[in-house]
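What follows is one structure encoded as structure tokens, with my remarks underneath.
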DNA sequence: TACATACTTAGGAGATTCCCTAAGTATGTA
DNA sequence: TACATACTTAGGGAATCTCCTAAGTATGTA
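Residue numbers (this note's numbering), protein chains in the order written: chain A, 373 to 488; chain B, 373 to 488.
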């Protein structure tokens, strides 16, 4: 159907997950090291089930992992998925910069031809 | 309320916009150069008003710009906003890598101390 | 002027999101 | 055993999203 067809549910979900400030905060917090549900939830006014749903979204797209020990569930960052999003953005930047380079080259050529 | 407080509506909207495969396709297409609404819409089965709504979302968060000449509206990429998202991801990667480095250093120190 | 083209506006249906309260289960502690 | 702690499950409500159809406006063309 499309020319480029970048319909990857995984990337969809990763960008979607990162579009919420609470979830971005959690990712940032976990960059500093693992933490339990209550530790992660503490800074937020939100009801716990609401907050836990954010954690579920993050785990659902593989941005974080968790394991339960006794009654405490501990979350950690899983940075490979972050890389997926970063790679997509990097690819766009390269395309864009490549286009600028070609435009530069073209303008330079025009200028040269004019001079002759 | 939060420790890190990354509640930036702009970044929210950018990640939100990029979470849809049609909109990511459009960004990719525009990386190759500007295009009109009908050119952009051509590959999709979607009704035109639905597709145009995607363009409105992209323009709303500054990822693309448009101008109308006669009856044709032409869209271009505005790559500065892409950089916002890329920067956020890059920052997370640095935090994460920094943490790994500190962990390495710590393990190395442990190993040394054990040897004495 | 008549007709085609390129959007644009209006309104609506169904799914999803993001929050809530109330009540439950499993685990550690006195 | 009684109680507190740390989630977990169930269900619901308002707002937003992503698509649709139908009809409108503005511009170029014969």
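Positions of the beta carbon are idealized from the N, C-alpha and C atoms, including for glycine.
Residue-level contact to chain B via CB, residue i, 8 Å cutoff
i             : result
residue 451/A : yes
residue 387/A : yes
residue 410/A : no
residue 467/A : yes
residue 403/A : yes
residue 462/A : yes
residue 390/A : yes
residue 393/A : yes
residue 376/A : Confidence in residue 376/A is poor, its pLDDT being 42 and thus under 50, which makes the residue's placement too unreliable to answer from.
Proximity below 8 Å, CB of residue i to CB of residue j
i             : j             : result
residue 475/A : residue 403/B : no
residue 414/B : residue 420/B : no
residue 397/B : residue 384/A : no
residue 411/A : residue 461/B : no
residue 454/B : residue 428/A : no
residue 405/B : residue 471/A : yes
residue 382/A : residue 480/A : no
residue 437/A : residue 450/A : yes
Cα-Cα separation, residue i to residue j
i             : j             : result
residue 446/B : residue 395/A : 35 Å
residue 435/B : residue 386/B : 7 Å
residue 375/B : residue 407/B : Note that residue 375/B scores 37 on pLDDT, short of 50, meaning its location in the model is unreliable; the coordinates nonetheless yield the value given after this. Taking the straight line joining both Cα atoms gives about 43 Å.
residue 430/B : residue 409/B : 13 Å
residue 432/B : residue 390/B : 12 Å
residue 448/A : residue 426/B : 34 Å
residue 423/A : residue 483/B : 40 Å
residue 444/A : residue 400/A : 21 Å
residue 441/A : residue 380/A : 34 Å
residue 388/B : residue 388/A : 6 Å
residue 373/A : residue 439/B : Low local confidence applies: a pLDDT of 37 at residue 373/A is under 50, so the model's placement there is unreliable, with the coordinate-based value given in what follows. Approximately 27 Å between the Cα atoms of the pair.
residue 477/B : residue 477/A : 47 Å
residue 452/A : residue 473/B : 17 Å
residue 485/A : residue 469/A : 24 Å
Residue-level contact to chain A via CB, residue i, 8 Å cutoff
i             : result
residue 400/B : yes
residue 458/B : yes
residue 471/B : yes
residue 373/B : Low confidence applies to residue 373/B: its pLDDT is 37, below 50, so where it sits in the model is not reliable, and the reading given next is rough at best. Answer yes: the Cβ-Cβ gap between residue 373/B and chain A drops below 8 Å somewhere.
residue 384/B : yes
residue 454/B : yes
residue 477/B : no
Of all the beta strand (DSSP E) runs that stay within the bounds of the region 378–443 of chain B, which reach a length of 3 or more residues? The qualifying runs are 436–441.
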